[in-house]
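In terms of our numbering, the sequence shown opens at residue 1 and continues consecutively.
Step one of this worksheet: look at the structure below.
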Amino acid sequence: MATKTDIRDIRRMSLKALTAWMEQLGQPHFRAQQIWQWLWVKGAHSFEQMTNLPKTLRSQLASYAVLRPIQTDKVQYSADGTIKTRFRLHDGHFIESVLIPVPEERRYTVCVSSQVGCSLSCTFCATGRMKRVRNLDPGEIFDQFWLVNQQCIAHYGHPLTNIVYMGMGEPLLAYRNVWQSIAHITDPRGLNFSPRRITVSTAGIAKMIRQLADDGARFNLALSLHAADDAKRNQIMPINEQNNLSILLDALEYFWRKTRNRISYEYIAFAGFNDSLEDACKLARLCGRFPVRVNIIEYNPVAGVPFHKSPETQIDAFARQLRQRGIMVTVRRSRGKDIDAACGQLANKE
Ligand code: SF4
């Protein structure tokens, strides 16, 4: 009889560990490859699905290992094509992912979560109101990609083209699990998704940005900037008190010099707070040290939060000001306005 300590979380095992385990069970080495393929290429959600394994091995796996997939709990469809899905985790917690299709550009992006809740308490964010509960496992992050990819094929006849780690949680505080999920998604022996089409977004943990560079990250990095001076940023993002703009810019420059990967600033425009032309000039001054693209994002209001969406004309003037200074700018209009569009709103319900 297996004791609790004998039970393995099979998606935490490397191919090497799986191979050693198969050897212990008297199985040939290729069984480990087959299991690995089921987990990370075919997205199996049960041992029963692994039909090319002998039945006895499948029941041994079920006795001595667990496979804990996420389950689709609720799906919301927006008139603009955005699909938001709430997933239930094995321990009853909820997270959410969003599919953002842009068929005219053949761009289909999934926004995935990395934590249940978040410890950073950004004042404008629905997720920031939930306490951080735990980091997601690499498999739970992988599942979001896998399931939304199926959703994307079913609805749009096209697989996902991009992944952004911009959902619930701070990815760099779930560093190892995020890293492993990306390793699985991009593994050339498996799905072989291009790391150039993956963006990890951080609220700004300088030490971990440097770590990404030292570890040889091949994906893109986005900084959720949202304010171009420390006084304003401190008001909306408490993390800025230990990771101020000067420290962050040093870390980003280090990342750029070591990796040459794309860096972007995410900038939610809040009416009357950070959307003036003076703010645009301050932001422009943060753009000179390394190549950076600025994404200006319309705010999705969250109940009880004292911020409002900046008017379109103001956002356009802001963007123009940046462009006049030679900065690459994209304005992202809010998506999914008719569903619980802001990050964490759906998972936080009930
Ligand atoms: S914006 Fe991101 S980092 Fe800030 S509280 Fe929300 S989920 Fe956490």
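For each residue, glycine too, the CB sits at the ideal point set by N, CA and C.
Keep in mind the model is a prediction, meaning the values are calculated, not measured.
- In the DSSP assignment, D9 forms a beta bridge with V66.
- Put simply, of E140, T82, K337 and R107 the residue whose alpha carbon is nearest the alpha carbon of H90 is E140.
- Distances from the CA of Y77 to each of L346, S194, G336 and N348 were compared; the closest alpha carbon is that of G336.
- Taking 3 residues as the minimum length, the beta strand (DSSP E) runs contained wholly in the region 86 to 161 are 94 to 102 and 107 to 111, in order along the chain.
- Taking a 10 Å sphere around the C-beta of C118, we find 16 or more other C-beta atoms and assign the residue as buried.
- If you draw a straight line from the Cα of Q150 to the Cα of K42, it is about 11 Å long.
- Each of C118, L120, C122, C125, T127, G128, E170 and A203 has a C-beta closer than 5 Å to some heavy atom of the ligand SF4; these make up the full list, in chain order.
- Here DSSP, grouped into helix, strand and coil, assigns S194 to coil.
- At a Cβ-Cβ threshold of 8 Å, F318 and F270 do not count as neighbours.
- For A342, the secondary structure class from DSSP, reduced to helix, strand or coil, is coil.
- L346 is positioned such that its CB atom lies no closer than 8 Å to that of R88.
- With respect to the 8 Å criterion, L147 and S113 are not classified as neighbours on the basis of their beta carbons.
- The region 180 to 195 and the region 206 to 216 do not touch, with fewer than 3 CB-CB distances between them shorter than 8 Å.
- Two segments are said to touch when three or more pairs of C-beta atoms, one from each, lie closer than 8 Å; by this definition the region 310 to 330 does not touch the region 250 to 261.
- Note: I163 is bridge-paired with V110 and I198 in the DSSP secondary-structure output.
- Counting only residues of its own chain and dropping the five nearest sequence neighbours on each side, R325 has a CB closer than 7 Å to the CB of A284.
- T330 is bridged by DSSP to N295.
- Y265 is bridged by DSSP to L223 and V294.
- Residues of the same chain with a CB within less than 6 Å of the CB of A65, apart from the 5 flanking positions on each side, are R8 and I10 in chain order.
- Residue environment analysis places A126 among the buried positions, since at least 16 neighbouring C-beta atoms fall within 10 angstroms of its C-beta.
- In this structure, the straight-line span from the alpha carbon of P188 to that of Q314 is close to 45 Å.
- Counted as a single uninterrupted DSSP element, the stretch harbouring Q27 is not any alpha helix (DSSP H), since DSSP gives it neither H nor E.
- Put simply, the backbone Cα of A228 is about 30 Å away from that of I95.
- T199 places its beta carbon less than 8 Å from that of N220.
- In this model, W21 and S46 are separated by some 18 Å (Cα to Cα).
- For Q71, the enclosing beta strand (DSSP E) stretches over residues Q71 to Y77.
- Between the region 170 to 180 and the region 94 to 110, the count of C-beta pairs closer than 8 Å stays below three; the two stretches do not touch.
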